[in-house]
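This note's numbering puts the first residue of the sequence shown at 6, with every later residue one more than the last. Positions of the beta carbon are idealized from the N, C-alpha and C atoms, including for glycine.
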Amino acid sequence: MDVLKDIATIVTAIVGLGVAIWGIYKGYIEFHLQGKQRRAEIFLKKQSEYFGNKSFCELRYLLGRDDEKLKDIAFEDKRAYLTFFEEIAVLKNSGLINPDLTYYMFGYYATQCLESKNFWLDLNKQDIFWNVFLRFSTEMKVRLHSRKEVIKHDIEF
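Below is the structure:
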């Protein structure tokens, strides 16, 4: 009888351990999926902010040609544009946006801004306040101009 009790206790412990491990596993999966969902929400919000902003749309168009009209763009609009990329850099550095996704969606535009002569005519590019933008856009420029960078088709949030 004691042997049966011992066997029952061992079986119960093993089943309990299995249930606990399964619960931990399911909790981890749920936590991982919630993190992915949160990162997706953040990314989609920033993407919508960037492509839905009329001022940014005009800047993208002018930067694409390094148009002389960039000289006439108000400082506040330029500041907002640069600040947007700084926010993207902080999100990337914090692990909230995948670096490959950041490069794929924003790298080209950050590089265009960095390389524009007309955009920076009335701004001091070396000002310490643009440091985050400069680091981010330089990183994007290096990736863009390396021409060896291939973005995988299975980019994730």
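Separation of Lys76 and Lys83 (C-alpha to C-alpha, rounded to the nearest whole angstrom) is 10 Å. Between Ile160 and Asn103, the gap from beta carbon to beta carbon is short of 8 Å. DSSP, reduced to helix, strand and coil, places Gly100 outside both helices and strands of the structure shown, so it counts as coil. DSSP places Glu144 inside the alpha helix (DSSP H), whose first and last residues are 136 to 151. Of all alpha-carbon atoms in Lys31, Ser99, Asp105, Tyr55, the one lying nearest the alpha-carbon of Leu87 is that of Tyr55. Cβ neighbours of Gln117 within its own chain (closer than 6 Å, five residues either side excluded): Leu68. The alpha-carbon separation between Glu63 and Asp71 amounts to approximately 12 Å.
With 16 or more other Cβ atoms inside 10 Å of its own Cβ, Ala115 counts as buried. Counting of Cβ neighbours within 10 angstroms places Trp27 among the exposed residues, the total staying below 16. Rounded to whole angstroms, Phe89 and Gly23 show a C-alpha spacing of 48 Å. Counting of Cβ neighbours within 10 angstroms places Lys130 among the exposed residues, the total staying below 16.
Contact check for Ile156 and Asp105: beta-carbon distance about 6 Å, within the 8 Å limit, so the pair qualifies.
Each of Arg148, Leu9, Leu126 was checked against the Cα of Tyr109, and the nearest Cα belongs to Arg148. For Lys59, the uninterrupted alpha helix (DSSP H) run begins and ends at 59 to 70, by DSSP.
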